[in-house]
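J.: Here it is: the structure, laid out below.
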Amino acid sequence: GAGVSQSPSNKVTEKGKDVELRCDPISGHTALYWYRQSLGQGLEFLIYFQGNSAPDKSGLPSDRFSAERTGGSVSTLTIQRTQQEDSAVYLCASSLTGGEVHGYTFGSGTRLTVV
Amino acid sequence: EDKVVQSPLSLVVHEGDTVTLNCSYEVTNFRSLLWYKQEKKAPTFLFMLTSSGIEKKSGRLSSILDKKELFSILNITATQTGDSAVYLCAVNSGTYKYIFGTGTRLKVLA
Numbered sequence: 001g002a003g004v005s006q007s008p009s010n011k012v013t014e015k016g017k018d019v020e021l022r023c024d025p026i027s028g029h030t031a032l033y034w035y036r037q038s039l040g041q042g043l044e045f046l047i048y049f050q051g052n053s054a055p056d057k058s059g060l061p062s063d064r065f066s067a068e069r070t071g072g073s074v075s076t077l078t079i080q081r082t083q084q085e086d087s088a089v090y091l092c093a094s095s096l097t098g099g100e101v102h103g104y105t106f107g108s109g110t111r112l113t114v115v
Numbered sequence: 001e002d003k004v005v006q007s008p009l010s011l012v013v014h015e016g017d018t019v020t021l022n023c024s025y026e027v028t029n030f031r032s033l034l035w036y037k038q039e040k041k042a043p044t045f046l047f048m049l050t051s052s053g054i055e056k057k058s059g060r061l062s063s064i065l066d067k068k069e070l071f072s073i074l075n076i077t078a079t080q081t082g083d084s085a086v087y088l089c090a091v092n093s094g095t096y097k098y099i100f101g102t103g104t105r106l107k108v109l110a
């Protein structure tokens, strides 16, 4: 697609429920990232996918968080048993290579509110 | 530990003012520095800086990098209400990850 597409744009869920956030990167971009931005905070790295390589999951805050990328394109971030501290904007970004040369293009994000 | 610090945290100015936003960093193997503008949710790319002393310019915005003193500044001249946003700085230390600062929240009053 023309840009990075994320859905849903907003999600309100009850504490303890599971949620799935979707990211469709720019066509041809091999690198895909998930970041989290809590209120008043900078962007916190969560996970990185590059082509068919094993993802870097070092930023995932707990084992309730997981992500996959099917066919090297669309990615899904899943949060199980959501907690109130999971409330944040979840941003997906993609880049042509590893981002160090061209930087990232961000999607519009998903605002998750856990009540 | 690699880190990026932005200052000020927030700033309120009037239309027509000039502002300077600061970004200092400590990383083990600097490769590039990015500036983004975030108005609602999606940060939009402004500049990528890799070399010291070379000013990048786009309209009323400009930015420069000092690799010796480990900082960058983003200047906005003749500010407009549409410049109101959070400005994010991010540094790459030779890997695929960028480390982001917490941002500077700029509000421009009419």
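Just so you know, the protein sequences line up as chains A and B, in that order. Residue 8 in our numbering sits at position 8 of the first sequence; the count goes up by one each step and never skips. Residue 15 in our numbering sits at position 15 of the second sequence; the count goes up by one each step and never skips. Glycine is no exception: its CB is placed at the ideal position from the N, C-alpha and C atoms. No experiment lies behind these values; they were computed from the predicted model shown.
What residues in the stretch 42-58 of chain B have a beta carbon less than 7 Å from any beta carbon of chain A?
T.: Cβ contacts with chain A: Ala42, Pro43, Phe45 and Met48.
J.: Taking the alpha-carbon of Ile73 (chain B) as reference, which of B:Ser93, B:Ser52 and B:Asp83 has the nearest alpha-carbon?
T.: The option with the nearest alpha carbon to Ile73 (chain B) is B:Ser52.
J.: For Thr110 (chain A), which of helix, strand or coil comes out of DSSP?
T.: Three-state DSSP puts Thr110 (chain A) in a strand.
J.: Tell me which residues of the stretch 32-45 of chain A have at least one Cβ-Cβ distance to chain B shorter than 9 Å, keeping chain order.
T.: Result list: Tyr33, Tyr35, Gln37, Gly40, Gln41, Gly42, Leu43, Glu44 and Phe45.
J.: Count Cβ pairs between the stretch 36-50 of chain A and the stretch 17-24 of chain A that sit closer than 8 Å; are there 3 or more?
T.: The stretch 36-50 of chain A, when compared against the stretch 17-24 of chain A, does not touch it at the 8 Å Cβ threshold.
J.: Can you tell me the Cα-Cα spacing of Ala31 (chain A) and Ser62 (chain A), whole angstroms?
T.: Each residue's alpha carbon lies about 23 Å from the other.
J.: Quick check on DSSP: helix, strand or coil for Gln6 (chain A)?
T.: Gln6 (chain A) falls in the strand class under three-state DSSP.
J.: Just reading off the beta strand (DSSP E) that Asn52 (chain A) is part of, what are its end residues?
T.: No beta strand (DSSP E) contains Asn52 (chain A), which DSSP labels as neither H nor E.
J.: Within 10 angstroms of the Cβ of His29 (chain A), are there 16 or more other Cβ atoms? Answer buried if so, exposed if not.
T.: Looking at its Cβ environment, which holds 16 or more other Cβ atoms inside 10 Å, His29 (chain A) is buried.
J.: Output, in sequence order along the chain, the residues in the stretch 10-37 of chain B whose CB is closer than 7 Å to any CB in chain A.
T.: So the close ones are Arg31, Ser32 and Leu34.
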